[in-house]
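A.B. asks:
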Amino acid sequence: MKSKKKSRTSGKGSSSEVLLIDTSVLIDHFLRGVPGEERRKVFLRELRKLFKIEEIDDLVVLTYCKLYRALKRNDELIEDADLLIAATAIAKGYTLWTKNIRHFERLEKFGLKLFKG
Numbered sequence: 016m017k018s019k020k021k022s023r024t025s026g027k028g029s030s031s032e033v034l035l036i037d038t039s040v041l042i043d044h045f046l047r048g049v050p051g052e053e054r055r056k057v058f059l060r061e062l063r064k065l066f067k068i069e070e071i072d073d074l075v076v077l078t079y080c081k082l083y084r085a086l087k088r089n090d091e092l093i094e095d096a097d098l099l100i101a102a103t104a105i106a107k108g109y110t111l112w113t114k115n116i117r118h119f120e121r122l123e124k125f126g127l128k129l130f131k132g
């Protein structure tokens with residue numbers, strides 16, 4: 016699974032805010048709806064021009080495992096895709112922008128920053 020981040024400059028000086036945008040389901044939806052292998056490749060290539068795709072590295076995997084164990088222990092597990100998204104945001108220090116607040120709020124105690132705007 017790949018997560019997306021988009022850099023947004025605030026307009027004051029050179030500071031920028033990085034948001035991790037949960038778009039994996041949306042991308043999957045579009046890819047399934049794009050007919051033909053070549054058209055899907057073109058779609059992904061164009062998408063990569065808009066977003067930086069974050070790879071899942073060792074730190075993300077270790078963060079995922081920590082979250083998984085803690086949530087399982089408390090009988091609060093959420094879907095693996097959501098855990099990977101949260102682990103990526105925590106490991107990389109990103110703020111997560113998602114409409115699925117219900118699942119992700121329980122991860123704020125582990126350092127997840129949610130965009131609530």
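Anchor point for the sequence shown: position 77 equals 92 in my numbering, and the numbering is continuous, going up by one each time. All residues carry an ideal CB built from backbone N, CA and C; glycine is no exception.
#1: Since I believe L74 is in contact with A106 (beta carbons under 8 Å), could you give me their beta-carbon distance rounded to a whole number of angstroms?
#2: Suppose the cutoff is 8 Å on Cβ atoms and the five residues either side in sequence are ignored; what does the same chain contact list for E53 look like?
#3: Apart from the five residues on each side of it in sequence, which residues of its chain come closer than 6 Å, Cβ to Cβ, to H118?
#4: In the DSSP output, which residue or residues are listed as bridge partners for E61?
#5: Beta-carbon separation of T103 and E69 under 8 Å?
#6: At what residue ranges does the segment 76–113 contain a whole run of the alpha helix (DSSP H), taking only runs of 4 or more?
#7: According to DSSP, is E123 part of a helix, a strand, or is it coil?
#8: Tell me whether L82 is buried or exposed, calling it buried when 16 or more other Cβ atoms sit within 10 Å of its Cβ.
#9: What distance in whole Å lies between the Cβ atoms of K124 and T110, which are believed to be in contact at a cut-off of 8 Å?
#10: Could you give the DSSP three-state label for K128: helix, strand or coil?
C.D. replies: By the coordinates alone:
#1: Along the sequence shown, read from residue 1 onward, the residue named residue 106 stands at position 91. Along the sequence shown, read from residue 1 onward, the residue named residue 74 stands at position 59. Correct: roughly 4 Å between the Cβ atoms.
#2: Here residue 53 corresponds to residue number 38 of the sequence shown, with the count starting at 1. Excluding residues within five positions, none has a Cβ falling inside 8 Å.
#3: On the sequence shown, position 103 is the one that residue 118 refers to. Contacts found: I93, D97.
#4: Along the sequence shown, one-based indexing puts residue 61 at 46. According to DSSP, E61 bridges with nothing at all.
#5: Along the sequence shown, read from residue 1 onward, the residue named residue 103 stands at position 88. Along the sequence shown, read from residue 1 onward, the residue named residue 69 stands at position 54. It is a contact, given that the beta carbons lie within the stated cut-off.
#6: For the segment 76–113, whole alpha helix (DSSP H) runs of length 4 or above, ordered along the chain, are 95–107.
#7: For the purposes of this step, residue 123 is identified with residue 108 of the sequence shown, where counting begins at 1. Three-state DSSP puts E123 in a helix.
#8: Stepping through the sequence shown from its first residue, residue 82 is reached at position 67. L82 comes out buried.
#9: Reading the sequence shown from its first residue, position 95 is the one you call residue 110. Reading the sequence shown from its first residue, position 109 is the one you call residue 124. No, T110 and K124 are not in contact; Cβ-Cβ is about 16 Å, not under 8 Å.
#10: Along the sequence shown, one-based indexing puts residue 128 at 113. Strand, per DSSP.
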